[in-house]
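Visitor: For the protein sequence lines, the chains are A and B, in the order given.
Once you know that position 90 of the first sequence is 90 in my numbering, the rest is easy, because the numbers rise by one and skip nothing.
Once you know that position 66 of the second sequence is 66 in my numbering, the rest is easy, because the numbers rise by one and skip nothing.
Cβ coordinates follow ideal geometry from the N, Cα and C atoms, glycine included.
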Amino acid sequence: DTGVSQDPRHKITKRGQNVTFRCDPISEHNRLYWYRQTLGQGPEFLTYFQNEAQLEKSRLLSDRFSAERPKGSFSTLEIQRTEQGDSAMYLCASSLGQGANEKLFFGSGTQLSVL
Amino acid sequence: LAKTTQPISMDSYEGQEVNITCSHNNIATNDYITWYQQFPSQGPRFIIQGYKTKVTNEVASLFIPADRKSSTLSLPRVSLSDTAVYYCLVAFYNQGGKLIFGQGTELSVKP
């Protein structure tokens with residue numbers, strides 16, 4: 001399967017701990033997105049990369065969140081000093097970034113539970 | 001801020017055709033309309049994309065009127081497995097092109 005891969009699928013942590021998630025996009029895709037989704041809501045945009053460059057970060061995103069895509073391939077999303085409000089599904093998506101007709105391909109997500 | 005609007009929920013029965021309409025009044029000339037499907041505990045999955053008139057694939061049809069201020073996703077002869085949340089997205093390319101999801105339409109198909 002050459003789809004978008006996310007690891008881990010589930011993460012349980014205690015409040016105050018740091019967590020890191022990994023996303024491996026489809027290999028030829030140059031754009032990579034991170035979204036967060038809570039129950040009953042649509043995915044909320046967090047940030048996105050064009051190759052290794054982080055082009056935009058949501059203003060709603062706390063400075064406890066940081067994302068990297070060091071070689072323009074896989075990406076990591078780190079949350080420092082986790083809070084219970086960080087509990088959500090974290091989704092990664094990639095695309096060819098063709099422009100207005102962009103199509104996103106999503107991974108299965110990482111479900112984070114902060115106790 | 002430009003956005004899309006769609007019904008929160010819809011109910012249907014197996015074998016019926018389901019039409020979900022999305023409004024996007026501020027769509028720009030270059031923007032495409034894309035629909036995604038999401039099952040519980042999975043990421044959204046691309047269904048169909050269009051720019052104008054009608055697009056059809058093996059899963060659905062997408063109808064877009066001439067003014068492009070709305071679009072309708074049509075699912076023919078739905079089955080129980082079509083129970084999911086459906087999202088209408090417009091890239092709003094003049095706002096940076098990132099894809100913003102709304103709340104989606106929760107479709108429930110009953111036997």
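Does the separation of the CB atoms of methionine 10(B) and leucine 89(B) fall below 9 Å?
Guide: Going by C-beta atoms, methionine 10(B) is not nearer than 9 Å to leucine 89(B).
Visitor: Would you say aspartate 11(B) reaches chain A, if we count a Cβ-Cβ gap shorter than 9 Å as a contact?
Guide: So, not an interface residue.
Visitor: Name, in chain order, the residues that DSSP records as bridge partners for leucine 89(B).
Guide: Its beta-bridge partners are Thr34(B).
Visitor: Can you pull the chain B neighbours of glycine 107(A), defined as C-beta to C-beta under 7 Å?
Guide: The answer, in chain order, is Gly43.
Visitor: Would you call phenylalanine 39(B) buried or exposed, if buried means 16 or more other Cβ atoms sit within 10 Å of its Cβ?
Guide: Under this definition phenylalanine 39(B) is an exposed residue.
Visitor: Once DSSP output is grouped into helix, strand and coil, what is the label at aspartate 63(A)?
Guide: Reduced to three states, the DSSP call for aspartate 63(A) is coil.
Visitor: For threonine 105(B) and glutamine 41(A), what's the separation of their Cα atoms in angstroms?
Guide: Using only the alpha carbons, I get a separation of about 10 Å.
Visitor: At a Cβ threshold of 9 Å, is proline 70(A) touching chain B?
Guide: Judged by the 9 Å Cβ criterion, proline 70(A) is not in contact with chain B.
Visitor: Should threonine 2(A) be labelled buried (16 or more other beta-carbon atoms within 10 Å of its own) or exposed?
Guide: So threonine 2(A) counts as exposed.
Visitor: What are the residues of the region 15 to 37 of chain B that lie near chain A, defined by any Cβ-Cβ distance shorter than 7 Å?
Guide: Here the close residues are Asn30, Asp31, Tyr32 and Thr34.
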